[in-house]
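Here UniProt numbering is used: the first residue of the sequence shown is 1, the next is one more, and so on.
Note that CB positions come from ideal geometry on N, CA and C, so glycine has one too.
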Amino acid sequence: MPITYWTSKNMTLRAVQPDDIVIFDLLDTEILRNMDSLHYPRSKAQMQEWVEEQLEEDEFRFIAVDQENNIVGMIETFDCDRKNGTFDYYLAVFEPYRGKGYAKEMILSVIGHYFSERAYQKVNTIVYSFNQPSIGLHEKLKFIKEGQLRNMIFTKGAYFDGICYGMTKQEFELHYSDYLR
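Structural data, given as structure tokens:
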């Protein structure tokens, strides 16, 4: 098993490894649609180049593995603004692992680290209006709905809204202090 960074109750988040390129071949259309990443097919060389570009300082892609070392999904931070202390994320959980709490653990582990170790003070995420499970999860996690951007994504032959959710460090501390490192 590669060097790991963060372990929670049921999974570990680790860095992307070069061999992980095969994971991206397994992403189904629904995951890619939720990440607004439905692209034309890419060559293996293009995908390898893309994987290598994913290792920025604060903008990071984590692979989530369960206790048996099965890859259950991934979570990526992006638009990391150190000056203002804000960052965004999106995540994907593979079909056999959905509904088992992995998304919650991934989100809370990453946010806890960014708030307690990286000096960020607010997290943002956009969930597309067709993704009811993610909307429900973010509301259950006590994210605040901060707005709705109309017609932000075209997929399945129609336009869908982007629902903006956010959580401050103070709100996170109130509900999830056990996730602060």
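Check whether the Cβ atoms of L13 and A64 lie closer than 8 Å to each other.
-> yes
DSSP-derived helix/strand/coil call for D19 = helix
Inspect the CB distances between the region 109-119 and the region 145-154 and report whether three or more fall short of 8 Å.
-> no
Supposed contact pair E171 and K142 - C-beta distance, whole angstroms, cut 8 Å = 7 Å
Per DSSP, R82 is paired with what?
-> Beta-bridge pairing links R82 to no other residue.
Given that a residue counts as buried once 16 or more other Cβ atoms are within 10 Å of its Cβ, and exposed if not, what is F60?
-> buried
Presumed contact (8 Å Cβ cut-off) between S160 and F130, rounded CB distance | Strictly speaking, residue 160 in this sequence is Phe, with Ser absent from that position. F160 to F130, Cβ: 5 Å. Contact.
For the region 88-116, list the alpha helix (DSSP H) runs that are entirely contained and at least 4 residues long, ordered along the chain.
-> 102-116
Compare the beta carbon distance of G85 and Q121 with 8 Å and say whether it is the shorter of the two.
-> yes
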